[in-house]
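First up is the structure itself, then whatever we jot down about it.
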Amino acid sequence: MLNLDNPRTEIIFKASAYIDKIKMMCTVYPLQEFGKREDTFLDAQVLCEEFIKFCEANYTEHCDEMVATINLIKAETERLQAINIETEPGHCKLCNGNLTGYKSSIKEFGTIYNCDTCPTLIYQYANDLEMYSGAWMI
Numbered sequence: 001m002l003n004l005d006n007p008r009t010e011i012i013f014k015a016s017a018y019i020d021k022i023k024m025m026c027t028v029y030p031l032q033e034f035g036k037r038e039d040t041f042l043d044a045q046v047l048c049e050e051f052i053k054f055c056e057a058n059y060t061e062h063c064d065e066m067v068a069t070i071n072l073i074k075a076e077t078e079r080l081q082a083i084n085i086e087t088e089p090g091h092c093k094l095c096n097g098n099l100t101g102y103k104s105s106i107k108e109f110g111t112i113y114n115c116d117t118c119p120t121l122i123y124q125y126a127n128d129l130e131m132y133s134g135a136w137m138i
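In terms of our numbering, the sequence shown opens at residue 1 and continues consecutively.
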């Protein structure tokens, strides 16, 4: 459990917010058409640049690992951004993978869809960032 009196708590919460935005992107783009998805990935790449600056300003321990991992996420979004294939209805609009729906307990979110295939690396890298940043304690 995160100690709320620790002076680094605010930094950890901010890192967690960056990571959550990355993970949330992975629930949005599988439902988007190519043009809109392109915008989502561009936004993600800008977010990655901001996150790198945040890490460099706030982390000494694990900063190199965090920056390298964020760059892997950025590279993966660039790779995924270029994909434009025909997909079947009801499948991921990026890779044609299976979509799994989860009903959110937050009414405004409704059902959240996740592709079983294409965001796997991004989720793995985001989980690594949670460990490096301390966000796993939240």
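Built from N, CA and C at the ideal position, the CB exists for glycine as well.
Taking C-beta atoms as the reference points, H62 and Y18 fail to come closer than 8 Å. By the CB criterion at 8 Å, I85 and C26 fall outside the cutoff. The criterion of a C-beta distance shorter than 8 Å is satisfied by F41 and L80. Within the segment 23-107, the beta strand (DSSP E) runs of at least 3 residues that lie entirely inside it are, in chain order, 99-103. A contact between stretches requires three or more CB pairs, one per stretch, nearer than 8 Å, and the segment 85-104 fails this requirement with the segment 49-62. Cβ contact annotation for H91 (same chain, cutoff 8 Å, sequence separation greater than five): G97, N98, L99, in chain order. In the DSSP assignment, N127 falls within the alpha helix (DSSP H) that extends over 120-133. The three-state secondary structure of T9, taken from DSSP, is helix.
T111: member of the beta strand (DSSP E) spanning 111-115, first to last residue.
Each residue's CA atom was taken as its position, placing L4 and A44 some 29 Å apart. In the structure shown, I138 adopts coil according to DSSP, grouped into three states. T9 and L47 have their C-alpha atoms spaced approximately 21 Å apart. Distance from the CA atom of K14 to the CA atom of A135, rounded to whole angstroms, is 9 Å.
Taking the CA atoms as reference points, C118 sits about 13 Å from Y125.
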